[in-house]
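Here the structure is laid out as structure tokens; the discussion comes afterwards.
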Amino acid sequence: NNMSVGELWLRLLRYYSLEFDAPNTVVSIRSNQEIPRTTKPWNNKKLAVEDPYMLKKNVTRTVGNSHLYEYWQDSIRRALRYFGLPRTSAEKIFIPVQEHKKVALKRTSQRLELREQDKESSVGSCVHDSRVKIVDSVNAESVDSNKRDSPDKKEKPIEKDCNSPVVIAPNPLLLGRVIHPSKGPILMCTFCDKEGHLKNDCPDNNLPEVDTLPPLTPFHITVLSETLSKVPAEVGLSGERLVEREVFMRGLEEFIQVQFTDAKLSLFGSSCNGFGFDKSDMDICLTFTQRKIGDKVMVIESLARKMKQHLDLTNVQAIPTAKVPIVKFTVKKTGLEGDISLYNTLAEQNTKLLLCYNKIDPRVNTLGYAIKTFAKVCDIGDASRGSLSSYAYILMMLYYLQQVEPPVIPVLQELYRGDKKPQRLVEGWDAWFQDDLSLLDELWPEKGKNSMSVAELWLGFLCFYVEEFKYKEHVVSIRQRKPLTRFEKLWNGPCIAIEDPFDLSHNLGSALTRTMNNFIFKTFINGRMLYGSPIDENMDMFNKYQRPSDYFFDTDLLSESRPPNVRGCRRCGKVGHLVRHCPAILKDKEDEQKRLQQQLQQQKQQQQQKQVQQEWT
């Protein structure tokens, strides 16, 4: 290739202005063959540029608005018109209008398709004419089509030729003004989809101002403490229910051992960490005492086939592609949902850690149930819908109880004798913690010093995360008392970061969106105001409720609206599938088919009965 830089530059502009088929082809430098867009999960028709190593990454994904893409297209076309025409030093066209052919740009059907995909945007188009653009080679604003534009006598002539056969104007300072005379594209916020600002300056991204709370009255503290103390008994998992789960699990273990003789099942999670609800899912870990597992996917699929034969189970489904492969199921008799994971031993250690914290102080149990109930009534405690998990809220509560002065609970992973910390490696992570609670008197000198009531601690929890904790700078971490910065973890996202106490690479807030993060903190602000406003001053409203718990956990008082559904299915709200693949819709279709089949069978039976009656008569 012997082309000059100027020729290559013009060909580049022409290629992306007129020749490249952006809706159907991907820009890729890893192959000399065209890569069709159908091979990528990128549904829009904008220009797509593939990362040469991260093949699933579209590096132009930041152009999220069709009008911004139109602005870019128009800039490229103006640049082609500017550089493709010889000009004088005064930026005037050097050649006659009549001698230059008109260049027809591509139809703007692509642009119309883009606007159909982006109907929600209200940004005004930078290109006002959406019809087919027939661009004159001459600037229509300064040159009349019936006149020849000759160089001005006062202009300084071009004395020498350049190497390129194309003459380019020698004054590049006017390039930006000539290519796009406007001030640039209209600012578009990707947070609220409104124009005029960027997401960092979005008013919807700002939390409301926090008002000063009045002093708490003894009556308010007493009523709130009594209300919170009743929550575990009202919603918690009773000992009888726990025994039922154990019995069911042992029966399921015997059923699985018909195929896997050395299989062993064990409960973990909310069923046995001290914070379980009566309807909490059953989390079961499957291990083997003898065999070594090579292909976990094969084991999970084989297990699912076996469990489908169980008469007491329904909706058995294998999910082998998850980070931890599982088999989901539902118990027919109780409707209780559960899942079996393979060698999820680190989660078992998490369960034991939470249970130990639960046993240190009875207020931990009460406050743990309080935050889970709070998250449930406000609809901010379902990770499958893009929010935080109940486990994440428990970690947030434990972190506060460690940081409050004086602390309610210690950091069990920092309590040990001697200078060297013990280790217990599980799945490659150090899962050691002080599980001998009889040593707390010796190793934790602050034991029993905190005498705050449950109500004061509950309000303190909300005030801590609303007023004190800087989630943009620090990480919620219960494995150390010293503050942990986001910089140390390299977790630089815009939402709250919550570190798993054992799997230090796991950020439980990584799946949050800005919208959901703001919704959670707005809920905390509303809760702070509700629990921090003495009921003595609002007895008329308080007396309208049958029970104090109805007042303190009223969704309308705690949450201003429904939680955002940015990434979830529009049918069920859960993340991970599109609405056309929603299990709820598929189930509705199956139910409808069953209903139609039953109707057909009834009609056939009625017809047969009529025929029998006619034959009899």
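FYI, the numbering for the sequence shown is 1 to 617, going by full-length UniProt numbering. Each residue gets a CB set at the ideal place from its N, CA and C atoms; glycine is no exception.
Within 10 angstroms of its Cβ, does Tyr551 collect 16 or more other Cβ (buried), or is it exposed? To locate residue 551, count along the sequence shown from 1; it is residue 551. The C-beta of Tyr551 has 16 or more other C-beta atoms within 10 Å across all chains shown, which makes the residue buried.
Since Ile256 is in the alpha helix (DSSP H), which residue starts that stretch and which ends it? Position 256 of the sequence shown, counting from 1, holds the residue named residue 256. Residue range 239-256 is occupied by the alpha helix (DSSP H) that includes Ile256.
Please confirm whether Trp458 and Ala370 have their CB atoms less than 8 Å apart. Numbered from its first residue, the sequence shown carries residue 458 at position 458. Numbered from its first residue, the sequence shown carries residue 370 at position 370. At the C-beta level, Trp458 and Ala370 come within 8 Å of one another.
Can you check DSSP and say which residues form a bridge with Cys495? The count along the sequence shown starts at 1 and reaches residue 495 at position 495. Among the bridge pairs identified by DSSP, Cys495 is matched with none.
Coarse secondary structure for Asp161, derived from DSSP in three states: Residue 161 sits at position 161 when you count from the first residue of the sequence shown. The pLDDT assigned to Asp161 is 49, lower than 50, so where the model puts this residue is not dependable, and the model offers no usable value.
Quickly, what does DSSP pair Ser270 with across the bridge? List them, please. The count along the sequence shown starts at 1 and reaches residue 270 at position 270. According to DSSP, Ser270 bridges with nothing at all.
8 Å contact criterion, which Val476 and Ile498 should meet: CB distance rounded: In the sequence shown, residue 476 corresponds to position 476, counting from 1. In the sequence shown, residue 498 corresponds to position 498, counting from 1. With a contact defined as Cβ atoms closer than 8 Å, Val476 and Ile498 qualify at about 4 Å.
Residues bridged to Ile409 by DSSP? Taking the sequence shown and counting its residues from 1, one reaches residue 409 at position 409. As far as DSSP is concerned, Ile409 takes part in no beta bridge.
With a threshold of 7 Å on Cβ separation, who are the neighbours of Lys308 within its own chain once the five nearest residues in sequence on each side are excluded? Here the question's residue 308 lines up with position 308 in the sequence shown. Val316.
Alpha-carbon spacing of Phe433 relative to Pro494, whole angstroms: Taking the first residue of the sequence shown as 1, we reach residue 433 at position 433. Taking the first residue of the sequence shown as 1, we reach residue 494 at position 494. About 31 Å.
Within the segment 452-499, ranges of the alpha helix (DSSP H) (whole runs, at least 4 residues): Taking only runs of at least 4 residues, the alpha helix (DSSP H) segments lying wholly in the segment 452-499 are 454-463, 486-489.
Which partner residues does Met188 have in the DSSP bridge list? As a position in the sequence shown, residue 188 is number 188, starting the count at 1. Its beta-bridge partners are Glu195.
Return yes when the Cβ of Ile360 is within less than 8 Å of the Cβ of Leu303, no when it is not. In the sequence shown, counting from the first residue as 1, residue 303 sits at position 303. In the sequence shown, counting from the first residue as 1, residue 360 sits at position 360. Contact: no.
Find out if the Cβ-Cβ distance for the pair Arg77, Ser17 is shorter than 8 Å. For the purposes of this step, residue 77 is taken as the residue at position 77 of the sequence shown. For the purposes of this step, residue 17 is taken as the residue at position 17 of the sequence shown. The beta carbons of Arg77 and Ser17 sit closer together than 8 Å.
Measure the Cβ-Cβ separation of Pro548 and Pro214 and say whether it is below 8 Å. The sequence position of residue 548 within the sequence shown is 548, counting from 1. The sequence position of residue 214 within the sequence shown is 214, counting from 1. No, the pair does not count as a contact, with Cβ atoms beyond the cut-off.
First through last residue of the beta strand (DSSP E) which encompasses Val316: Here the question's residue 316 lines up with position 316 in the sequence shown. From DSSP, the beta strand (DSSP E) with Val316 extends over 313-319.
According to DSSP, which residues form a beta bridge with Thr39? Your numbering for residue 39 matches position 39 in the sequence shown. DSSP, once it has assigned bridges, lists no residue as partnering Thr39.
Should Asn146 go down as buried or exposed, given a rule of 16 or more other Cβ atoms within 10 Å for buried? The residue you call residue 146 lines up with position 146 of the sequence shown. Low local confidence applies: a pLDDT of 38 at Asn146 is under 50, so the model's placement there is unreliable, with the coordinate-based value given in what follows. Answer is exposed; the Cβ neighbour count stays below 16.
At what residue ranges does the segment 509-575 contain a whole run of the alpha helix (DSSP H), taking only runs of 4 or more? With a minimum length of 4 residues, the continuous alpha helix (DSSP H) runs that stay inside the segment 509-575 are 514-531, 539-542, 548-552, 555-558.
Gln607 (DSSP reduced to helix, strand or coil): Counting from one through the sequence shown, the residue named residue 607 turns up at place 607. Gln607: helix per DSSP, three-state reduction.
Exposed unless 16 or more other CB atoms sit within 10 angstroms - verdict on Ser510: As a working note, residue 510 is residue 510 in the sequence shown. Exposed, by the Cβ-count rule.
Span separating the alpha-carbon of Ser66 from that of Asp74: Taking the sequence shown and counting its residues from 1, the one referred to as residue 66 is at position 66. Taking the sequence shown and counting its residues from 1, the one referred to as residue 74 is at position 74. Going by the C-alpha atoms only, they are around 12 Å apart.
Can you round the beta-carbon distance between Tyr399 and Gly381 to whole angstroms, since I take them to be within the 8 Å contact cut? Your numbering for residue 399 matches position 399 in the sequence shown. Your numbering for residue 381 matches position 381 in the sequence shown. Contact between Tyr399 and Gly381 is ruled out by a C-beta separation of about 17 Å, above the 8 Å threshold.
Would you check if there are 3 or more beta carbon pairs closer than 8 Å linking the segment 423-437 to the segment 445-462? At 8 Å Cβ cutoff, the stretches do not touch.
Mapping the DSSP letters down to three states, classify Asn58 as helix, strand or coil. One-based indexing of the sequence shown puts residue 58 at position 58. Correct three-state label for Asn58: strand.
So with Cβ pairs under 8 Å, would you call Asn358 a contact of chain D? The structure shown contains no chain D; it holds only a single protein chain.
Provide the residue(s) that pair with Leu342 in DSSP beta bridges, ordered along the chain. In the sequence shown, counting from the first residue as 1, residue 342 sits at position 342. Beta bridge pairing from DSSP links Leu342 with Leu286.
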